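Numbering follows the working numbering, in which position 357 of the sequence shown is assigned residue number 368; successive positions increment by one, without gaps.
Working notes, structure below.
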Amino acid sequence: MEQIDWIIVFGYIVLIIGISIIIGRRQKTQEDYYLAGRSMGAWKIALSIVATQVSAISLIGVPAFVAANPSGGLVWLQYEFAVPLAMILIMTVLLPVYHRLRVISIYEYLEKRFGRQVRLLLSMVFLISRGLGSGVMLLATSILTAACLGLDIITTILIMGVVSIIYTSIGGITADIYSDIIQLIVLWISTFILVGIVISLLNFDTLSLTSIEQQRLNIFDFQSTGLGDGQTFGFWPMLFGGIFLYFSYYGCDQSQAQRLLTTPTVQEARKSLFLNGLLRFPLVLTYCAFGVLLIPYLAQNSVMAEKIKEVGPDYLVPYFLLEYVPKGFLGLTVSGIFAASMSSLDSSLNSLSASTWRDVILNYHRSALNWTPRNSVLISRVLTVVWGVICTGFAVLLTVSSDTVIELINKIGSVFYGPVAAIFVLGILIRSANQTGAIIGLVAGVSVNIGLWVFAGQSVSWLWWNPIGFLISFFTGMVLGRITGLNKYVVVQGSTGINKNDIYSEKTVFYSIGLTVGFVFILIICLLTESFLQKFLM
12 MEQIDWIIVF
22 GYIVLIIGIS
32 IIIGRRQKTQ
42 EDYYLAGRSM
52 GAWKIALSIV
62 ATQVSAISLI
72 GVPAFVAANP
82 SGGLVWLQYE
92 FAVPLAMILI
102 MTVLLPVYHR
112 LRVISIYEYL
122 EKRFGRQVRL
132 LLSMVFLISR
142 GLGSGVMLLA
152 TSILTAACLG
162 LDIITTILIM
172 GVVSIIYTSI
182 GGITADIYSD
192 IIQLIVLWIS
202 TFILVGIVIS
212 LLNFDTLSLT
222 SIEQQRLNIF
232 DFQSTGLGDG
242 QTFGFWPMLF
252 GGIFLYFSYY
262 GCDQSQAQRL
272 LTTPTVQEAR
282 KSLFLNGLLR
292 FPLVLTYCAF
302 GVLLIPYLAQ
312 NSVMAEKIKE
322 VGPDYLVPYF
332 LLEYVPKGFL
342 GLTVSGIFAA
352 SMSSLDSSLN
362 SLSASTWRDV
372 ILNYHRSALN
382 WTPRNSVLIS
392 RVLTVVWGVI
402 CTGFAVLLTV
412 SSDTVIELIN
422 KIGSVFYGPV
432 AAIFVLGILI
442 RSANQTGAII
452 GLVAGVSVNI
462 GLWVFAGQSV
472 SWLWWNPIGF
482 LISFFTGMVL
492 GRITGLNKYV
502 VVQGSTGINK
512 NDIYSEKTVF
522 YSIGLTVGFV
532 FILIICLLTE
542 SFLQKFLM
């Protein structure tokens, strides 16, 4: 990169840290630090969630999947059908309970409903899986960001880790949210720059449409089931697996659900999910459009095509950046990738700190409740730094490990997502569910998923692990609860379930209808896109 590009990247880092310092001075309590004083509006939360989800891995990975992955193409868009449906379930089932109980950690609900053991068990599952997953995510993004920056991987990991630790520990979740919004804006601008550049590079006079693989332009795959056919990206596994995955990730994972607790009311939280369900698709569609344009670009550039075959599809976007993006714009685009890489890490660090404090420390040291607000905020910042060091160190450690280890850790999330979501839903919907049933149900669901991984990993798509694990855990917990009797916590702790007002309130119905319309809109856009490509490009 040129000097002007480095100045832009450095300027962005200074801006983010400066914002966190200003915000950090206003934080007086842990509720300020972890929940922004419950003062965030729906638009801010929605944009932050989109930025966290559609990050650097997506900007680099989705176009590469569409253009160069051997089994890839526009089938990736099938994943987006699950998002609005999962948002409807979260705003109806989970959000009313979280906001009614005024929790900071969503695992506090589990103690009120089942007991302390369930809370500790699921919070430890979160801490371990999210801590390891954040290290893997940092490594994965650093590998690609390093190619853009021209630095070695370890240096890139350290830069990204240190910057994330600084602004997250100082500014808390408020700094995370505002930095995410800035990151999303930069990311979107960068994507449009890349689309414009690749269009300018294409020679339409010599473009041979027959060189484009037809299957890459197919969005819908109704024939692949992911059950015995060795295919992962069929419509049905991506729809049903995606619904359970997104429901669990957005609603039952502290790193995402914590943002939904920063709103002053449950209606604002619902609105943020409604907006997220609508705003995410246009950005993913833009990523896919960039990937479609890269298909004829590779057909016209044999040198780049051969290079990508040697190093792998994920290096397509970084190499394209360094080769064609002009100075100045390169700095802005790399800043977008750099920023998006940190957006996933910053949300993890704040949530790991919150869960460690609320679910672990306070459970064993109740005297900490008597600490002054200033000391509580201080220990929260220290915990954020500690988790930042752990995640960064783990990412550095993985640089000497094999790809198999990284893939192994990435799949752990899919083993747990379904069973974890089942325990939350079990407590809300089934009055007779109890602590014993919840624990055994979780173990049963996870065990079945591990069995599928070990014995049927090639025949059963990992996307099916989410609904299978959910159903096993839910029905196991329900049956054991009915056998062993009513859970006393339902009576002692008050309402931990949903009622008719949660489901049929005017706003809930409005947002649910809006998301259903959004689902239909996504379906129509995908049908029209596939029809257009087949008609004019085949």
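All C-beta atoms, glycine included, are put in the ideal place defined by N, C-alpha and C.
These numbers come from a predicted model, not from an experiment.
(message) Could you tell me the alpha carbon to alpha carbon distance between Thr274 and Glu42, rounded to whole angstroms?
(response) The residue you call residue 274 lines up with position 263 of the sequence shown. The residue you call residue 42 lines up with position 31 of the sequence shown. When rounded, the distance between both Cα atoms is 12 Å.
(request) Jot down the residue ranges of each uninterrupted alpha helix (DSSP H) in the stretch 297 to 365, minimum 4 residues, whole runs only, in chain order. (result) 313 to 322, 327 to 335
(message) Can you give me the C-alpha to C-alpha distance between Gly404 and Gly146, rounded to a whole angstrom?
(response) Counting from one through the sequence shown, the residue named residue 404 turns up at place 393. Counting from one through the sequence shown, the residue named residue 146 turns up at place 135. One C-alpha to the other measures close to 8 Å.
(message) Determine whether the beta carbon atoms of Lys55 and Ile192 lie at a separation below 8 Å.
(response) Taking the first residue of the sequence shown as 1, we reach residue 55 at position 44. Taking the first residue of the sequence shown as 1, we reach residue 192 at position 181. The answer is yes: Cβ separation under 8 Å.
(request) Please report how far the alpha carbon of Ile181 lies from the alpha carbon of Arg392, in whole angstroms. (result) Here the question's residue 181 lines up with position 170 in the sequence shown. Here the question's residue 392 lines up with position 381 in the sequence shown. About 7 Å.
(request) Would you kindly work out how many angstroms separate the C-alpha atoms of Arg281 and Gly253, rounded to a whole number? (result) Translated into the one-based positions of the sequence shown, residue 281 becomes position 270. Translated into the one-based positions of the sequence shown, residue 253 becomes position 242. Straight-line Cα distance between these residues: approximately 20 Å.
(request) Using three-state DSSP, classify Leu272 as helix, strand or coil. (result) Taking the sequence shown and counting its residues from 1, the one referred to as residue 272 is at position 261. If DSSP states are grouped into helix, strand and coil, Leu272 belongs with coil.
(message) Taking only three categories from DSSP, how would you classify Val528?
(response) Residue numbering aside, residue 528 sits at position 517 when the sequence shown is read from its first letter. Note: Val528 maps to helix in three-state DSSP.
(message) Can you list, in chain order, the residues of its chain with a C-beta nearer than 7 Å to that of Gly505? Leave out the 5 residues immediately preceding and following it.
(response) For the purposes of this step, residue 505 is taken as the residue at position 494 of the sequence shown. Any reading at Gly505 must be qualified, since the residue scores a pLDDT of 46, below 50, and its modelled position is unreliable; no value is offered.
(message) Run through the DSSP bridge pairs and tell me what Leu70 is partnered with.
(response) Counting from one through the sequence shown, the residue named residue 70 turns up at place 59. BP columns for Leu70 are empty, so no partner.
(request) Tell me whether the beta-carbon of Pro430 lies closer than 8 Å to the beta-carbon of Gly456. (result) In the sequence shown, counting from the first residue as 1, residue 430 sits at position 419. In the sequence shown, counting from the first residue as 1, residue 456 sits at position 445. For Pro430 and Gly456, yes; Cβs fall inside 8 Å.
(message) For Thr236, tell me which candidate among Met148, Gln469, Asn80, Ala350 has the shortest Cα-Cα distance.
(response) As a first step, residue 236 must be located in the sequence shown, where it is residue number 225. If we check each option's Cα against that of Thr236, Gln469 comes out closest.
(request) Have a look at Gly342 and Val206 and give me their C-alpha separation to the nearest angstrom. (result) As a first step, residue 342 is located in the sequence shown; it is residue number 331 there, counting from the start. As a first step, residue 206 is located in the sequence shown; it is residue number 195 there, counting from the start. If you take the alpha carbons of Gly342 and Val206, they lie about 16 Å apart.
(message) Going residue by residue through the stretch 123 to 182, where are the continuous beta strand (DSSP E) segments of at least 3 residues, counting only ones entirely within it?
(response) none
(message) By alpha-carbon positions, which one of Ser358, Leu26, Cys299 ends up nearest to Gln64?
(response) By one-based count along the sequence shown, residue 64 stands at place 53. Minimum Cα distance to Gln64 is reached at Ser358.
(message) Could you tell me the alpha carbon to alpha carbon distance between Leu85 and Val328, rounded to whole angstroms?
(response) Locating residue 85 in the sequence shown gives position 74, counting from the first residue. Locating residue 328 in the sequence shown gives position 317, counting from the first residue. For Leu85 and Val328, the distance between alpha carbons rounds to 17 Å.
(request) Can you give me the Cβ contacts of Gly448 inside the same chain, cut-off strictly under 6 Å, excluding the 5 residues immediately before and after it? (result) As a first step, residue 448 must be located in the sequence shown, where it is residue number 437. Cβ neighbours of Gly448 beyond the five flanking positions: Gly488, Leu491, Gly492.
(message) Three or more C-beta pairs under 8 Å: does that hold for the stretch 74 to 82 against the stretch 295 to 305?
(response) yes
(request) Any chance you could list the beta strand (DSSP E) runs of at least 3 consecutive residues sitting entirely within the stretch 27 to 101, in chain order? (result) Entirely contained in the stretch 27 to 101, not one beta strand (DSSP E) run reaches 3 residues.
(request) From the DSSP output, in three-state form, read off Leu8 for me. (result) As shown, the chain starts at 12 and ends at 549. That puts residue 8 outside it, with no answer to give.
(request) Please go through the same chain and pick out, in chain order, the residues whose beta-carbon is closer than 7 Å to the beta-carbon of Ala444, but skip the five residues on each side of it. (result) Here the question's residue 444 lines up with position 433 in the sequence shown. Result list for Ala444: Leu437, Gly438, Gly488, Met489, Gly492, Asn498, in chain order.
(message) Is there a C-beta anywhere in chain C that falls below 8 Å from the one on Leu205?
(response) Included in the structure is just one protein chain, with no chain C present.
(request) State the Cα-Cα distance for the pair Ala151 and Ile348, rounded to the nearest angstrom. (result) In the sequence shown, residue 151 corresponds to position 140, counting from 1. In the sequence shown, residue 348 corresponds to position 337, counting from 1. Rounded to whole angstroms, Ala151 to Ile348 spans 12 Å at the Cα level.
(request) Go ahead and pull the three-state DSSP assignment for Val104. (result) Walking along the sequence shown from the start, residue 104 turns up at place 93. Correct three-state label for Val104: helix.
(message) Bridge partners for Val471 per DSSP, in chain order?
(response) As a working note, residue 471 is residue 460 in the sequence shown. Leu238, per the DSSP bridge assignment.
(message) Please classify Asp240 as buried or exposed, where buried requires at least 16 other C-beta atoms within 10 Å of its C-beta.
(response) Within the sequence shown, residue 240 is the residue found at index 229, counting from 1. Exposed, because fewer than 16 other Cβ atoms sit within 10 Å of the Cβ of Asp240.
(request) Compare the beta carbon distance of Gly452 and Ile441 with 8 Å and say whether it is the shorter of the two. (result) Position 441 of the sequence shown holds residue 452. Position 430 of the sequence shown holds residue 441. No, the Cβ-Cβ distance between Gly452 and Ile441 is not below 8 Å.
(message) Tell me which residues share the same chain as Leu106 and place their Cβ nearer than 7 Å to its Cβ, disregarding the 5 neighbours each side in the sequence.
(response) The residue you call residue 106 lines up with position 95 of the sequence shown. Within the same chain, Leu106 has close Cβ partners Leu271, Val277, Ala280, Arg281.
(request) Please look up how many angstroms separate the CB atoms of Val129 and Ile450, rounded, as I've assumed it's under 8 Å. (result) The count along the sequence shown starts at 1 and reaches residue 129 at position 118. The count along the sequence shown starts at 1 and reaches residue 450 at position 439. Sure, about 6 Å apart at Cβ, within 8 Å.
(request) Leaving aside the five residues before and after Ala97 along the sequence, list all residues of the same chain whose C-beta is less than 6 Å from its C-beta, in chain order. (result) Locating residue 97 in the sequence shown gives position 86, counting from the first residue. Excluding residues within five positions, the ones whose Cβ falls inside 6 Å are Ile254, Tyr257, Phe258.
(message) Among Thr519, Val345, Ala93, Trp475, whose alpha-carbon lies nearest the alpha-carbon of Leu162?
(response) Numbered from 1 along the sequence shown, position 151 holds the residue referred to as residue 162. Per the Cα distances, Val345.
(request) Taking only the alpha-carbon atoms, compute the straight-line gap between Gln545 and Asn229 and give it to the nearest angstrom. (result) Locating residue 545 in the sequence shown gives position 534, where the first residue counts as 1. Locating residue 229 in the sequence shown gives position 218, where the first residue counts as 1. C-alpha separation (whole angstroms): 8 Å.
(request) In the DSSP assignment, find the unbroken alpha helix (DSSP H) run with Met249 in it and report its ends. (result) Within the sequence shown, the letter at position 238 stands for residue 249. Looking at the DSSP string, the run of the alpha helix (DSSP H) that includes Met249 is 246 to 263.
(request) Find the nearest neighbour of Phe231 within the set Gln225, Gly245, Leu238, judged by alpha-carbon distance. (result) Locating residue 231 in the sequence shown gives position 220, where the first residue counts as 1. For the residues Gln225, Gly245, Leu238, the minimum Cα distance to Phe231 belongs to Gly245.
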